[in-house]
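In what follows, a structure is listed as structure tokens, so that the remarks can point back to it.
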Ligand code: IPD
Ligand code: CA
Ligand code: CA
């Protein structure tokens, strides 16, 4: 698994260099919906990632946010978000990353998340632990919600879905603080290294959470859906925590 983890790191670093190089020089922004945007840098970075995967592992499948699934029914699937935090990227707000995960027969086994501005490389391989710039990381040991810093996000269709307002308010009333910085993959990594105690968000896609979810698990944290079902990157709903606060947060979701 470490071979795949190193490869994910290598490619995330290459793509991160593209993001860094083009920061502040975006030529074209297109809208996928009212708010959901994509830049030429998203496409450029995904193309590079796909080329690198095809060169090293020509038989593997790739699921990427911009080009979708290219499948030959391989057991190996790379799950790629070329820029997680595109709105931040377009505004020059330095909280975005490249996220690359690998699943084998549906199980996430390796992943890397790279923040090109802070030069932070988060990675993990199943059973091998999680690292930040090659140093082992652990989730925090905070046990009380009122001492916890939490983070969340809102889907692009928030006006229609209206989801998460109630949970956001409930957590604001109970936690030390709640943040919304705009990159789910990085939010997960901040839980993994103990800067946040927990992260939750509805409406996410596999490319947002595949790598980050594994990194939290390998850092000793817990990742489930809101009801406590096992981590499934395709579940469109995630709760990741330091483990200690998981039950308390689920109680809040239940209205307790
Ligand atoms: C988005 C970010 C954001 C989250 C959105 C995602 P994108 O991904 O992860 O934090 O709130 O739900 O779609 O569009 O920047 O790749
Ligand atoms: Ca994303
Ligand atoms: Ca993206």
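Numbering (the numbering used here), first residue to last: 9 to 264. Backbone N, C-alpha and C fix where the C-beta goes; we use that ideal spot for every residue, glycine too.
Residue i, buried or exposed, once every other Cβ within 10 Å from all chains shown has been counted against 16
| i | result |
| --- | --- |
| residue 144 | exposed |
| residue 126 | exposed |
| residue 71 | buried |
| residue 192 | buried |
| residue 29 | exposed |
| residue 225 | buried |
Sequence-distant residues of its chain with Cβ nearer than 6 Å to residue i (five each side left out)
| i | result |
| --- | --- |
| residue 210 | 171, 172, 245 |
| residue 227 | 138, 145, 146, 147, 200 |
| residue 198 | 204 |
Residue i CB to nearest heavy atom of ligand 1 below 7 Å
| i | result |
| --- | --- |
| residue 211 | yes |
| residue 174 | no |
| residue 163 | yes |
| residue 75 | no |
| residue 81 | no |
| residue 94 | yes |
Bridge partner(s) assigned by DSSP for residue i
| i | result |
| --- | --- |
| residue 109 | 87, 119 |
| residue 207 | 159, 248 |
| residue 144 | 139 |
| residue 38 | 46 |
| residue 76 | 72 |
Nearest to residue i (by Cα), restricted to the options the options
| i | options | result |
| --- | --- | --- |
| residue 175 | 66, 260, 109, 39 | 260 |
| residue 93 | 136, 162, 18 | 162 |
| residue 87 | 96, 95, 74 | 74 |
Any non-hydrogen atom of ligand 2 closer than 7 Å to residue i Cβ
| i | result |
| --- | --- |
| residue 216 | yes |
| residue 192 | yes |
Any non-hydrogen atom of ligand 5 within 7 Å of residue i CB
| i | result |
| --- | --- |
| residue 90 | Absence of ligand 5 is noted for the structure shown, with ligand 1, ligand 2 and ligand 3 being the only ligands found. |
Own chain, CB closer than 8 Å to residue i, minus 5 neighbours either side, in chain order
| i | result |
| --- | --- |
| residue 53 | 23, 26, 27, 90, 91, 106 |
Proximity test, residue i beta-carbon vs ligand 3 heavy atom, cut-off 7 Å
| i | result |
| --- | --- |
| residue 42 | no |
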